[in-house]
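From first to last, the protein sequence lines stand for chains G and Z.
To convert, take the position in the first sequence, counting from 1, and add 62; that gives my numbering.
To convert, take the position in the second sequence, counting from 1, and add 23; that gives my numbering.
Glycine is no exception: its CB is placed at the ideal position from the N, C-alpha and C atoms.
Heads up: the structure comes next, in structure tokens.
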Amino acid sequence: MNVLPTLDGGLCILPESDADWHELELICSDVGRPAHLAESLADLMDSDSEWEQYVVPELEENFNSQCRYVAAAIEHARDHNEHGVFITPAQAEKWYGAINQARLSLEARYQLDTLENTIEDALGEVNDLEPELRSAYFRNRFYLFLQSMMLDYVMDAP
Amino acid sequence: MPAPNPTTRKKPKLKPKTQTDVPWNVVVLDDPVNLQAYVTMVFKRVFGYPQQRAETLMMEVHTQGRSIVWTGGREKAEFYVQQLHGWQLQTKMEKSS
Numbered sequence: 063m064n065v066l067p068t069l070d071g072g073l074c075i076l077p078e079s080d081a082d083w084h085e086l087e088l089i090c091s092d093v094g095r096p097a098h099l100a101e102s103l104a105d106l107m108d109s110d111s112e113w114e115q116y117v118v119p120e121l122e123e124n125f126n127s128q129c130r131y132v133a134a135a136i137e138h139a140r141d142h143n144e145h146g147v148f149i150t151p152a153q154a155e156k157w158y159g160a161i162n163q164a165r166l167s168l169e170a171r172y173q174l175d176t177l178e179n180t181i182e183d184a185l186g187e188v189n190d191l192e193p194e195l196r197s198a199y200f201r202n203r204f205y206l207f208l209q210s211m212m213l214d215y216v217m218d219a220p
Numbered sequence: 024m025p026a027p028n029p030t031t032r033k034k035p036k037l038k039p040k041t042q043t044d045v046p047w048n049v050v051v052l053d054d055p056v057n058l059q060a061y062v063t064m065v066f067k068r069v070f071g072y073p074q075q076r077a078e079t080l081m082m083e084v085h086t087q088g089r090s091i092v093w094t095g096g097r098e099k100a101e102f103y104v105q106q107l108h109g110w111q112l113q114t115k116m117e118k119s120s
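Printed below as a string of structure tokens:
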């Protein structure tokens, strides 16, 4: 899989195999239930704020729509045999948001940050992980790379 | 729906408050997922802070685990928290001491 900045200030993801396409499709699978993020953020507020009633539904819809958008963009590109998935500057926030949800969800499930600190610079140890955890580790690294590219070339470019 | 947009997001409807003059802090908490450059960008977009101030606050979050990023009236504070939640940052409110 290659990821390249485009001349119009966006990003192009170029999957090279079915496995690469599948990896992109896993973004939205990894998110799980977007409502969970909205609810966990609401837990930070006191009940007096009525956050659950007035804010959570809007946040949930916002997070859901990010996932729907990304899933549809990947599906459309794959079904139409397009060479890659293009992310324009106008679409970047939706993509970033969906990928961020996936990373937050992976972190909640696997505590990858703690894992990363213990296996840094020791790829051999990564290969010794259970397959499910190892897969989550590499997906998280891929999502992190995509986010960094978006920040560097699209969302906060000088 | 697009990412959080200050012109379209609704303020929460609140119960009448009796202590409207107490300032409230908007507090952003550290988390292991959100990237430093992203947090800086969000502070610039939500509050209109210049790059240096946004970076200083981001580093405070990163090194101290939390940062008071804004202080003021309750309704405005809730508005900012709602925005920051939309950007998926761990954010809460607390009364200013």
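Which whole-angstrom value describes the C-beta separation of residue i and residue j, a residue pair presumed to lie in contact below a C-beta threshold of 8 Å?
i, j, result
"L174/G", "Y199/G", "6 Å"
"V216/G", "L73/G", "6 Å"
"H85/Z", "Q106/Z", "With 8 Å as the limit, H85/Z and Q106/Z do not qualify as a contact, their Cβ atoms being about 20 Å apart."
"E101/G", "V118/G", "6 Å"
Measuring straight from C-alpha to C-alpha, what distance separates residue i and residue j?
i, j, result
"P67/G", "N57/Z", "22 Å"
"F148/G", "C129/G", "16 Å"
"P151/G", "M212/G", "9 Å"
"E92/Z", "R95/G", "As written in the sequence, residue 92/Z is Val, which differs from the Glu given in the question. Using only the alpha carbons, I get a separation of about 29 Å."
"W113/G", "E187/G", "43 Å"
"P193/G", "I89/G", "18 Å"
"N143/G", "F70/Z", "42 Å"
"P55/Z", "A139/G", "32 Å"
"L121/G", "E117/Z", "21 Å"
"W110/Z", "L99/G", "11 Å"
"A133/G", "S120/Z", "46 Å"
"E169/G", "D141/G", "31 Å"
"T108/Z", "T114/Z", "The question names Thr, but residue 108/Z in the sequence shown is His. Cα to Cα, the separation comes out at about 7 Å."
"D218/G", "S91/G", "27 Å"
Classify residue i as helix, strand or coil using the three-state DSSP reduction.
i, result
"L206/G", "helix"
"P193/G", "helix"
"A96/G", "The sequence given here places Pro at residue 96/G; Ala does not occur at that position. Of the three classes helix, strand and coil, the one that applies to P96/G here is helix, per DSSP."
"D214/G", "helix"
"D68/G", "In the sequence as presented, Asp is not what sits at residue 68/G; that position holds Thr. Residue state, collapsed to three classes: coil."
"W110/Z", "coil"
"T86/Z", "helix"
"M63/G", "coil"
"G125/Z", "Any answer about residue 125/Z is impossible in this case: the structure gives chain Z only from 24 up to 120."
"R187/G", "Correcting the residue type first, residue 187/G is Glu in the shown sequence and not Arg. Reduced to three states, the DSSP call for E187/G is helix."
"N48/Z", "strand"
"E144/G", "coil"
"L76/G", "strand"
"M81/Z", "helix"
"E117/Z", "strand"
Might you give, ordered along the chain, the residues of its own chain that have their beta carbon closer than 6 Å to the beta carbon of residue i, omitting 5 neighbours on each side?
i, result
"L76/G", "N64 and G146"
"K67/Z", "A77"
"V93/G", "C129, Q163, A164 and S167"
"L103/G", "none"
Might you give, ordered along the chain, the residues of its own chain that have their beta carbon closer than 7 Å to the beta carbon of residue i, omitting 5 neighbours on each side?
i, result
"T63/Z", "A77, E78 and M81"
"L112/Z", "V51, N57, V62 and V65"
"D53/Z", "V84, H85, G88 and R89"
Keeping to the same chain, check which residues put their C-beta closer than 8 Å to that of residue i; ignore five residues upstream and five downstream.
i, result
"E83/Z", "R89 and S90"
"Q209/G", "Y158, I161, N162 and R165"
"G95/Z", "P46 and W47"
"E85/G", "M63, P77, R201 and F204"
"Y72/Z", "F66 and L80"
"R196/G", "V188 and N189"
Report yes or no: do the region 122–131 of chain G and the region 73–85 of chain G share at least 3 C-beta pairs separated by less than 8 Å?
-> no
Taking 8 Å as the threshold, find out whether the region 98–118 of chain Z comes into contact with the region 105–121 of chain G through three or more Cβ pairs.
-> yes
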